[in-house]
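Asks: Below you'll find the structure I mean.
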Amino acid sequence: MMTNPLQVAKKDMRRRIRNILLEVPREGVISQSALATTKLFSLAEYRNAKRISVYLSMPHSEIATRGIVQDALKSGKEVFIPHIHRVDGASMQSNVSVMDMLSLNSLEEFESLNLDKWGIPTLSDDNIPNKLNCFGGYGVSAGSTKTPGDGAGLDLIVMPGMAFDADLRRLGHGKGYYDNFLSRYWKEMERSTGAPRMPFLGEIFYTC
Numbered sequence: 017m018m019t020n021p022l023q024v025a026k027k028d029m030r031r032r033i034r035n036i037l038l039e040v041p042r043e044g045v046i047s048q049s050a051l052a053t054t055k056l057f058s059l060a061e062y063r064n065a066k067r068i069s070v071y072l073s074m075p076h077s078e079i080a081t082r083g084i085v086q087d088a089l090k091s092g093k094e095v096f097i098p099h100i101h102r103v104d105g106a107s108m109q110s111n112v113s114v115m116d117m118l119s120l121n122s123l124e125e126f127e128s129l130n131l132d133k134w135g136i137p138t139l140s141d142d143n144i145p146n147k148l149n150c151f152g153g154y155g156v157s158a159g160s161t162k163t164p165g166d167g168a169g170l171d172l173i174v175m176p177g178m179a180f181d182a183d184l185r186r187l188g189h190g191k192g193y194y195d196n197f198l199s200r201y202w203k204e205m206e207r208s209t210g211a212p213r214m215p216f217l218g219e220i221f222y223t224c
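Residue numbers (the numbering used here): 17 to 224.
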């Protein structure tokens, strides 16, 4: 099996960047998170958004999103957060797990989330079936029943990234969750509305 030079280069880049990010001091995480959050709040796309997706950050190596989630919920926005789950069948090509965006209903729920092995706040499996999916309907998208166009769509997605180049091309963590999600989002909106519109993508990151 031939090795893809681009994939090898990306893997090496991720390794080197991961080591750099781990060296960012706690004070740097706090100050850069505050700057990124303030910048996001200044955007009309954020202020006008009614339905947003926000990643929940690790305790290190990522811009902290706690303040974004808190502000969005206090402002009355509908907030959706990532939930990664395994799927059966070949409908998702070679992926064995996919990411959905499920509703986060309140500040109280946010504060009560348990941490996963990476320190990321995570929805309880018991609550998943009752969670509104950004694609419409409830629970995870694979195998769920959805009403086309009913409660579907997002206005803004706040995305993480390990690194960005000068043209803001994103290097993710390598799992392809966001690439897969955005592709599915386009197809689902096209199917359900006939006139797909992609949400505004807000990518926040450290400067080193």
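Each residue gets a CB set at the ideal place from its N, CA and C atoms; glycine is no exception.
1. Considering only the beta carbon of each residue, do Leu-217 and Ile-68 sit closer than 8 Å?
2. Give me the DSSP bridge partner(s) of Val-174.
3. Is Asp-87 near Phe-57, with beta carbons less than 8 Å apart?
4. Does the Cβ of Met-214 have 16 or more other Cβ atoms within 10 Å, making it buried, or fewer, making it exposed?
5. Compare the Cα-Cα distances from Met-81 to each of Gly-177, Ser-157, Met-205 and Arg-207 and report the closest residue.
6. Can you tell me whether Thr-3 is buried or exposed, with buried defined as 16 or more other CB within 10 angstroms of its CB?
7. How is Leu-129 classed by DSSP in three states: helix, strand or coil?
8. Can you name the start and end residues of the alpha helix (DSSP H) that Asp-195 belongs to?
9. Got a sec, what are the start and stop residues for the alpha helix (DSSP H) Leu-15 sits in?
10. Does the segment 148-156 come into contact with the segment 44-53, if we say contact requires no fewer than three beta-carbon pairs (one atom in each stretch) closer than 8 Å?
11. Which residues share a DSSP beta bridge with Arg-102?
12. Closer than 7 Å by C-beta to Glu-78: which residues in its own chain qualify, once you throw out the five before and the five after it? Chain order, please.
13. Please state whether DSSP places Val-40 in a helix, a strand or coil.
14. Does the Cβ of Lys-93 have 16 or more other Cβ atoms within 10 Å, making it buried, or fewer, making it exposed?
15. Starting from Gly-64 and walking both ways along the alpha helix (DSSP H), at which residues does that stretch end?
16. Would you report the Cα separation of Leu-59 and Asp-142, rounded to the nearest angstrom?
17. Classify Leu-131 as buried or exposed, calling it buried when 16 or more other Cβ atoms lie within 10 Å of its own Cβ.
18. Any heavy atom of the ligand ATP closer than 7 Å to the beta-carbon of Val-95?
19. Return the residue from the list Met-74, His-76 and Ser-122 that minimises the CA-CA distance to Val-95.
20. Mind checking Pro-145: buried by the 16 CB within 10 Å criterion, or exposed?
21. Short of 6 Å in beta carbon distance, which residues of its chain neighbour Gly-159, apart from the five on each side in sequence? Order them along the chain.
Replies: Reading off the structure:
1. Taking the first residue of the sequence shown as position 1, residue 217 is located at position 201. Taking the first residue of the sequence shown as position 1, residue 68 is located at position 52. For Leu-217 and Ile-68, no; Cβs fall outside 8 Å.
2. Numbered from 1 along the sequence shown, position 158 holds the residue referred to as residue 174. In DSSP, Val-174 forms a bridge with Val-70 and Gly-218.
3. As a first step, residue 87 is located in the sequence shown; it is residue number 71 there, counting from the start. As a first step, residue 57 is located in the sequence shown; it is residue number 41 there, counting from the start. Cβ distance < 8 Å, so Asp-87 and Phe-57 count as in contact.
4. Along the sequence shown, read from residue 1 onward, the residue named residue 214 stands at position 198. Met-214 comes out exposed.
5. Sequence index remark: in the sequence shown, residue 81 carries index 65 (1-based). Looking at the sequence provided, one finds Thr at residue 81 rather than Met. Cα-wise, what sits closest to Thr-81 is Gly-177.
6. Only positions 17 to 224 of the chain appear in the structure, and residue 3 is not among them; the question remains open.
7. One-based indexing of the sequence shown puts residue 129 at position 113. If DSSP states are grouped into helix, strand and coil, Leu-129 belongs with coil.
8. Within the sequence shown, residue 195 is the residue found at index 179, counting from 1. 193-209 is the extent of the alpha helix (DSSP H) around Asp-195.
9. A question about residue 15 goes unanswered here, because the residues of the chain that appear run from 17 up to 224.
10. no
11. The residue given as residue 102 occupies position 86 in the sequence shown. Arg-102 pairs with Ser-113.
12. What you label residue 78 is simply residue 62 of the sequence shown in a count that begins at 1. So the qualifying residues of the chain are Pro-176.
13. Position 24 of the sequence shown holds residue 40. Residue state, collapsed to three classes: coil.
14. In the sequence shown, residue 93 corresponds to position 77, counting from 1. Buried is the call here.
15. As a working mapping, residue 64 is identified with position 48 in the sequence shown. Inspection of the sequence shows that residue 64 is occupied by Asn rather than by Gly. Run containing Asn-64: 60-64, per the alpha helix (DSSP H) assignment.
16. Walking along the sequence shown from the start, residue 59 turns up at place 43. Walking along the sequence shown from the start, residue 142 turns up at place 126. C-alpha separation (whole angstroms): 36 Å.
17. Here residue 131 refers to the residue found at position 115 of the sequence shown. Classification of Leu-131: exposed, given that the 10 Å Cβ count is below 16.
18. The model depicted lacks the ligand ATP and carries no ligand whatsoever.
19. Start at 1 with the first residue of the sequence shown, and residue 95 comes out as number 79. Among Met-74, His-76 and Ser-122, the Cα nearest to that of Val-95 belongs to Ser-122.
20. Position 129 of the sequence shown, counting from 1, holds the residue named residue 145. So Pro-145 ends up on the exposed side.
21. The count along the sequence shown starts at 1 and reaches residue 159 at position 143. Bear in mind that the predicted position of Gly-159 carries a pLDDT of just 40, short of 50, making it too unreliable to give a figure here.
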